[in-house]
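Here the structure comes first, spelled out in structure tokens, and everything after it is commentary.
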Amino acid sequence: MACNPALLIADEPTTALDVTIQAQVLEVMKDLKKQFKMAMILITHDLGVVSEICEKVAIMYAGKIVEFADLESLFTNPSHPYTVGLFNSIPDPEEDVTELTPIKGLIPEPTELPPGCVFNPRCPDVMDICKGEFPETVELSPTHRVACYKYHKGIGGENK
Amino acid sequence: MEEKLLEVENLQKIFNTPRGALHAVDNINFFVRKGETLGLVGESGCGKSTTGRMIVRLTQPTSGRIMFQGQDIHILNKKQLKETRKNIQMVFQDPFSSLNPRMSVSDLIKETFDIHKVYRKDKERDERVLEIMNVVGLSPRLVNSYPHELDGGRRQRVGIARAIALNPKCIVLDEPVSALDVSVQAQILNLLDRLQDEFKLTYLFIAHDLSVVKHVSDRIAVMYVGKMVELTDYKTIFKEPLHPYSRALISAIPTPNLKKKKDRIILEGDVPSPINPGPGCRFYPRCRERIDPICKETEPEMREVKPGHFVACHRAE
Chain X
76 MACNPALLIA
86 DEPTTALDVT
96 IQAQVLEVMK
106 DLKKQFKMAM
116 ILITHDLGVV
126 SEICEKVAIM
136 YAGKIVEFAD
146 LESLFTNPSH
156 PYTVGLFNSI
166 PDPEEDVTEL
176 TPIKGLIPEP
186 TELPPGCVFN
196 PRCPDVMDIC
206 KGEFPETVEL
216 SPTHRVACYK
226 YHKGIGGENK
Chain U
2 MEEKLLEVEN
12 LQKIFNTPRG
22 ALHAVDNINF
32 FVRKGETLGL
42 VGESGCGKST
52 TGRMIVRLTQ
62 PTSGRIMFQG
72 QDIHILNKKQ
82 LKETRKNIQM
92 VFQDPFSSLN
102 PRMSVSDLIK
112 ETFDIHKVYR
122 KDKERDERVL
132 EIMNVVGLSP
142 RLVNSYPHEL
152 DGGRRQRVGI
162 ARAIALNPKC
172 IVLDEPVSAL
182 DVSVQAQILN
192 LLDRLQDEFK
202 LTYLFIAHDL
212 SVVKHVSDRI
222 AVMYVGKMVE
232 LTDYKTIFKE
242 PLHPYSRALI
252 SAIPTPNLKK
262 KKDRIILEGD
272 VPSPINPGPG
282 CRFYPRCRER
292 IDPICKETEP
302 EMREVKPGHF
312 VACHRAE
């Protein structure tokens, strides 16, 4: 903050903190952002933190951005199977679930990425085409883009 | 689920530091029923791990008792101690630093059998290693792999394999999923759940992530700077937390859910030092509901305000 930046990149700023301290830090960051009118890239794995502080969200998987949307669309209508898997893996403190539905399999080695869509070996909705080339990005709405064949016209079942 | 498997009475651990007496764990009391999971939550440094380490006898308490099946585990003869060690096992947070990097997966699991001289024949033992690996979801081809060749989830499966190898009754899980990705975390939580059903295990689950703790626990205990401040079943602690600290803690969980945004209680100030704490409530400096002078001068006792709901706060009724 010392040089009045126009952009602040915060890499997992609260990951090592306890929730009560985390809440304090997030408040401070929100205030600073307003006060100095700066932009911020927040890097995190915690979707809860994202929902507190961000306006737009990009979901990355194995080096690729697979989904990019405004906060509201991402949380109400997560579209990439990986994003959906992420939401299903988090225990929601407001709800009672006996078993979590994790994404099957493991993240690939960065040196041995699968051909086609990087997520295809773990994807519940995998199709043949997914093993060919990485899908192009499809616009679901002006603020919501996703890189998945499910949403390509004439391929996936649910064209939107 | 009535029988108390583990009982902790007035447990205290004071470390002598150059700056004074550090009260890591200060007179805590609780019990764990057979087959249940007790979640232990609180900020880092509040004494959760020290409590866990005393239960497996890695740390000697300053005072107080830990009863396992009615026996004080810190006054046992050699034979009883060995038996108790088999029955209480631990899974550590960081599976990379808790596994010997120079031992393969099979060596790591064999070690537990060799220490307790369980098998006379190597063949029987090696068969059992493969069986355990199968139980925790490790493929047999990993038998000769070393920890650095495994990802975090598999490493933690090795840690769990070591813990269940001797058919224990109770496992202390110290932040078992904190170092893992959310998707792998969910796999490990499901595994722990399955093992508990299959082997009738009792868990003491230590973590700072409340959503995870709620997911696995039957009852939850909240600690703050060496003290236990609240203990009740997992539903009540989320619905009607009585201690102001528990309330702040629960309101501070960021939920990945846009509809249910709640009012946050933002605490002021930092966590106080556990070195030479003052006479009053540990939470006094940050508490919004403190009553002067009682909260500053007198430490609140843990009281049962409703059946099964314990809280240490002067305000609680």
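Just so you know, the protein sequences line up as chains X and U, in that order. Residue numbering for the first sequence follows the numbering used here, starting at 76 and increasing by one per position. Residue numbering for the second sequence follows the numbering used here, starting at 2 and increasing by one per position. Cβ atoms here follow ideal geometry from the backbone N, Cα and C, with glycine treated the same way.
For the set U:Thr237, U:Ile56, U:Asn17, the Cα lying nearest the Cα of Asp219 (chain U) is the one of U:Thr237.
Using a Cβ-Cβ cut-off of 7 Å, Val124 (chain X) counts as an interface residue toward chain U, since at least one Cβ of chain U sits closer than that to its own. For Asn191 (chain U), the nearest beta carbon of chain X is closer than 7 Å to its own beta carbon.
With a threshold of 7 Å between beta carbons, Gln61 (chain U) makes no contact with chain X. Scanning U:Lys111, U:Leu193, U:Arg156 for the CA closest to the CA of Asp127 (chain U) turns up U:Lys111.
Using a Cβ distance threshold of 7 Å, Phe200 (chain U) and Tyr246 (chain U) do not count as a contacting pair.
At a cut-off of 7 Å between beta-carbon atoms, Ser164 (chain X) makes contact with chain U.
C-alpha of Pro255 (chain U) to C-alpha of Ile76 (chain U): approximately 44 Å in a straight line. Leu7 (chain U) and Ser140 (chain U) have their alpha carbons spaced roughly 34 Å apart. According to DSSP, residue pairing for Asn17 (chain U) in a beta bridge involves U:Ala22.
Using a Cβ distance threshold of 7 Å, Val137 (chain U) and Ile89 (chain U) do not count as a contacting pair. The closest CA to that of Phe32 (chain U), considering only U:Tyr204, U:Ser107, U:Arg129, is found on U:Tyr204. Between the beta-carbon of Arg66 (chain U) and that of Glu10 (chain U) there is about 5 Å, and that keeps the pair under the 8 Å contact cut. By the C-beta criterion, the region 81 to 99 of chain X is judged not to be in contact with the region 140 to 156 of chain U, since fewer than 3 inter-stretch pairs fall below 8 Å. Beta-bridge analysis with DSSP links Phe284 (chain U) to no other residue. Counting the other CB atoms within 10 Å of its CB gives Phe93 (chain U) a total of 16 or more, which places it among the buried residues.
For a cut-off of 8 Å, the C-beta gap from Asn168 (chain U) to Pro177 (chain X) is around 27 Å, too long to register as a contact.
Using a Cβ-Cβ distance cut-off of 8 Å, the region 176 to 187 of chain U and the region 174 to 188 of chain X are in contact, since at least three pairs of beta carbons, one from each stretch, lie closer than that value. At least one CB of chain U lies nearer than 7 Å to the CB of Gln99 (chain X). In this structure, the beta-carbon distance from Leu243 (chain U) to Val312 (chain U) falls below 7 Å. Taking Val125 (chain X) as reference, the option from U:Arg291, U:Pro301, U:Asn258 with the minimal CA-CA separation is U:Asn258.
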